[in-house]
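Q: First residue of the sequence shown: 0, per numbering that gives the first Met the number 0; consecutive thereafter.
I'd like to ask some things about the structure below.
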Amino acid sequence: MATPKNPPLQRSGLSVLALFSASIVTAAVMTVLRLPTVGLPAVFVAFLALALVGFRNVRIATDPAPLRFWEKAVITIAVVLQIVRLVPYALQYLDGTLVAAVNFDDNWHFQEVASLVTSKTFPPMLNFRPDTALHFYYVAWMPAAAFADLFALFGAPLVKLSYALGTLLLGGAAAVVLLLFLRHTLAPHRRGVAFVALFLVGAVPDGAVVIARLLSGTLASAARDPEWWQLGFGVPNQISALSTLVVWVPHHLTSAIALLLAVVITTEPRTLKPRPSFVAFAAAGLLVGVSVYSSAFAVIGGVVALSPLLFRLVASRATVLPATLAAATALLVGLPLAYLYLGSEAAGGFRLFEVFQRWHETFGSVPLALVGHVFAFVFLMAEVGWLAAWALFARDAPRRSVLGQCAVAASLYLLATVVVTFSGANNVSMRGAIVPTIVIAAFWARAVVPDEAGETPWRLPRKALAVLVPAAVLAVVAHVYEIGRHLHESATAIAYSGETDACKDWVMRVNAGLASPTDEARKTCVDDKTVYGIERPFFKDTLARPDRELMGHGP
């Protein structure tokens, strides 16, 4: 049977490229021209159409073979996890009863999307403080905002439903680009093995924690998700498992996969040699813009991990001009949005030796405080360091290859997280590690799977299997727990028993324009997060720390 000229996975990749390009260009143009938000859907669709046409011939030179079963499963699971989020949010508008956030962070994401809808013009103002500009890297939410603004034309923005539709697109996009990257960098018999490595990263210790809590009877009553187990040792340095990323942080994942897609369209398969194409490099510049304004942390880790490749793209005589065009394109779309970082009121920042400080405060001893960093290193090795060491020190590891050099850079980034953290949730490790772990997983598959394995998938040396099988059991436990928890949270969001019926009815009336956000009925609310379900501008009485992370002075 003849292989199709442009098979579905490649077509999907070009669609993701168009979607991301439209997101960053729409945000930049709307901001520069201070266009009314009511026009966002039209502007977004116009740039989406232009991107689909303009980038239709961008070459995605990956293996055009039909999807294997496991690849279909990856896409299906990523989409289903987003549908699980979508169901309760859709039900809210079908039966008129307020539902809770499926995931804790969704509360603030509702308000981010609402801000992109309720502001009269761009740049957007913050929905729960309309006198303050929105200062959150919101580009990943542009498709959701386009949905919401479109719904608003017909009466109400349906913010929660729009947000869920946006994450549905992002979840599917993440799965598609991940598969494209594995196909781009690896031979067929190594791709499934690389995904197994990704399946294990960050999940093995989490699975052990789930089992320990289950045996001790504390699983249901634990204050924190198993992912946060390191905090019990004064080490805020966890690496998120793949299912956790898909469920909790599709915007950070978007930032990471935008960089990976840029690699796919600007390099040759397997060798990652630069492929000169002005159109492809211009598209890559847009993808860099998407990455920068979808997650400050994922882009930092991604740029460090891919720095050897970036250097080659700039240093190559064949691609120096296309690379310059890419940089200019990224600056062109990025500068109008720079205020999101420059004018932010977010507290906290990067910290050095935070583990040392925590241990010193606890034990009052410098030697013991230094031991804290030893623990941080050991925990990092348990999460992902073992995979990096195995790959880099394998006998036949092609460390001088481009992918090998990127794996070294990725490992150095991860090693730096032992001493470099970020206040609050340590996104330097949790989100900054996304691209580094994907690069390391791909290189590990190239290093440990022999060339003579031919086209036989999943073939590994017996010694490797002896290590991986028990690790896989723990990882399965972690992923099943995360997915099961996601299903449970979706069901309880529908019930939403933590709020009074009077308060829920009041929020729905506010959203319908039938009540005021300052109405006396607000006093009946008992859950302080219920107000995040308000889809019209209002003034939140008290501000939590996450609230301030969305606030700033505007451009």
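Here a beta-carbon is modelled for each residue, glycine too, at the ideal position from N, C-alpha and C.
By a C-beta neighbour count over all protein chains shown, 10 Å radius and 16 as the cutoff for buried, is T61 buried or exposed?
A: Its Cβ being crowded by 16 or more others within 10 Å, T61 is buried.
Q: Less than 6 angstroms between C-beta atoms, sequence neighbours within five positions excluded: which residues of the same chain meet that for L164?
A: F146
Q: Assign L271 to one of three DSSP states: helix, strand, or coil.
A: coil
Q: Thinking C-beta only, is A283 closer than 7 angstroms to T265?
A: yes
Q: Within a Cβ cutoff of 8 angstroms, which residues of the same chain sit near N102, ignoring the five residues on either side of it in sequence?
A: R84, V246, W247, H485 and E488
Q: For the stretch 256-265 and the stretch 223-241, state whether three or more C-beta atom pairs, one from each stretch, are separated by less than 8 angstroms.
A: Touching, no.
Q: Would you decide whether P469 is buried or exposed? Buried here means 16 or more other CB atoms lie within 10 Å of its CB.
A: exposed
Q: Taking the Cβ atom as the reference point for each residue, do E353 and T420 lie within a distance shorter than 7 angstroms?
A: yes
Q: Report the rounded CA-to-CA distance for Y162 versus A465, giving the unit in angstroms.
A: Distance between Y162 and A465, taken at the CA atoms: about 43 angstroms.
Q: Out of A511, D94, V530 and A514, state which residue places its alpha-carbon closest to the alpha-carbon of T499.
A: Shortest Cα-Cα distance from T499 to any of A511, D94, V530 and A514 involves V530.
Q: Taking all protein chains shown into account, decide if E360 is buried (16 or more other Cβ within 10 angstroms of its Cβ) or exposed.
A: exposed
Q: Can you find the residues in the same chain that come closer than 6 angstroms, C-beta to C-beta, to S118, ignoring five residues on each side of it along the sequence?
A: T36 and M124
Q: Leaving out five residues before and five after A501 in sequence, what residues of the same chain have Cβ atoms less than 8 angstroms from its Cβ?
A: These residues qualify, in order along the chain: A520 and T523.
Q: Closest to Y137 by C-alpha separation, out of T30, A463, P536 and F378, would be which residue?
A: T30
Q: Residues in the same chain with beta-carbon distance under 6 angstroms from L312, minus the five sequence neighbours each way, listed in chain order, please.
A: P273, T318 and A322
Q: If we ignore side chains and look at the alpha-carbon of each, how far apart do L473 and F442 end up?
A: 23 angstroms
Q: State buried or exposed for S496, treating a residue as buried only when at least 16 other CB atoms are found within 10 Å of its CB.
A: Answer is exposed; the Cβ neighbour count stays below 16.
Q: How would you write the range of the alpha helix (DSSP H) that R212 sits in, first residue to last?
A: Run containing R212: V203 to S215, per the alpha helix (DSSP H) assignment.
Q: Could you give the residue range of the beta strand (DSSP E) that holds T420?
A: V419 to F421
Q: Whose C-beta lies closer than 6 angstroms to the C-beta of E534 among residues of the same chain, with five residues either side of it excluded?
A: Excluding sequence neighbours, E534 sits near A113, P156, V158 and N510.
Q: So, G12 versus A77, is the Cβ gap smaller than 7 angstroms?
A: no
Q: Counting only runs of 3+ residues fully inside the stretch 298-356, write out the beta strand (DSSP E) ranges in chain order.
A: 349-351
Q: For Y88, I'd like the list of residues in its chain whose CB is within less than 6 angstroms of its CB, leaving aside the five on either flank, ordered along the chain.
A: Residues K159, L160 and A163 of the same chain have their beta carbon placed closer than 6 angstroms to that of Y88, with the five preceding and five following residues left out of the count.
Q: Nearest CA to the CA of V195: which residue from T517, A406, L178 and T253?
A: L178
Q: Helix, strand or coil for H552 per DSSP?
A: coil
Q: Work out the CA separation of G342 and P554 for me, nearest whole Å.
A: 7 angstroms
Q: Give me whichever residues DSSP pairs with R128 in a beta bridge.
A: As computed with DSSP, R128 is found in a beta bridge with L125.
Q: In chain order, what residues of the same chain have a beta carbon less than 8 angstroms from the beta carbon of A514, not counting five sequence neighbours either side?
A: W505, R508 and A520
Q: Would you check if the distance between the CB atom of G233 and the CB atom of R357 is smaller than 7 angstroms?
A: Closer than 7 angstroms, so yes.
Q: Among all the DSSP beta bridges, which residues are the ones paired with P516?
A: DSSP output for P516 lists no bridge partner at all.
Q: Per DSSP, what are the beta-bridge partners of P35 in this structure?
A: T120
Q: Spatial neighbours of L115 within its chain, please: CB distance less than 6 angstroms, with the 5 preceding and 5 following residues excluded, ordered by chain position.
A: Answer for L115: P123 and A144, listed in chain order.
Q: What's the call for V192, buried or exposed, on a 16-neighbour Cβ count within 10 Å?
A: buried
Q: Use the C-beta contact count for P235: other C-beta atoms within 10 angstroms, 16 or more gives buried, fewer gives exposed.
A: buried
Q: From this set, L47, L411 and A326, which residue's C-alpha is nearest G25's C-alpha?
A: The identity of residue 25 in the sequence shown is Thr, whereas the question assumes Gly. It is L47 whose Cα lies nearest to the Cα of T25.
Q: Is R189 closer than 7 angstroms to V383 when the C-beta atoms are compared?
A: no
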